[in-house]
Amino acid sequence: VDSINTFPAGMERPVIQREKFQQEVMILALYGDMSYYQLKELGNDIKDELLALPGVNLVDFYSGLDYEIGIEISPDKLREYGLTFRDVSSAVQNISTNMSP
């Protein structure tokens, strides 16, 4: 392209780039007698170890569901501390938006 000098006037210079096509080399499924949380943590650890290998520059990790936390609130305890369900909900939202995935 650099040697072509007969492009029409006003034409933008073409951009040529080499595309890197990536193909899956390996698919790994984790299962076992562990909690979902433990399996997800193990998957993240394996991902980190694979990325540390020479020549490995991309590892995709799909873990299905996001983390979920259940909170049970006693109405009596809320009254005791002078809180509402909305107070607790706001506190949880503030914490969860500040946490990194």
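Residue numbers (UniProt numbering): 1 to 101. No residue lacks a Cβ here, since even glycine has one placed at the ideal position from N, Cα and C. If you're wondering where the values come from, they're calculated on a predicted model, not measured in any experiment.
Beta-carbon spacing of residue i, residue j below 7 Å
i     : j     : result
LYS77 : SER63 : no
VAL59 : LEU53 : no
LEU30 : GLY10 : no
ILE69 : VAL88 : no
Minimum C-alpha distance to residue i - residue among the options
i     : options                    : result
LYS20 : ASN57, ALA9, LEU42, SER90  : ASN57
ILE46 : ALA91, MET34, GLN22, LEU28 : LEU28
VAL25 : VAL15, ARG13, GLY55        : GLY55
DSSP-derived helix/strand/coil call for residue i
i     : result
ARG13 : coil
GLN22 : coil
For a minimum of 4 consecutive residues, which ranges assigned as the alpha helix (DSSP H) are wholly contained in the region 36-99? Within the region 36-99, the alpha helix (DSSP H) runs of at least 4 residues that lie entirely inside it are, in chain order, 36-51, 75-81, 85-98.
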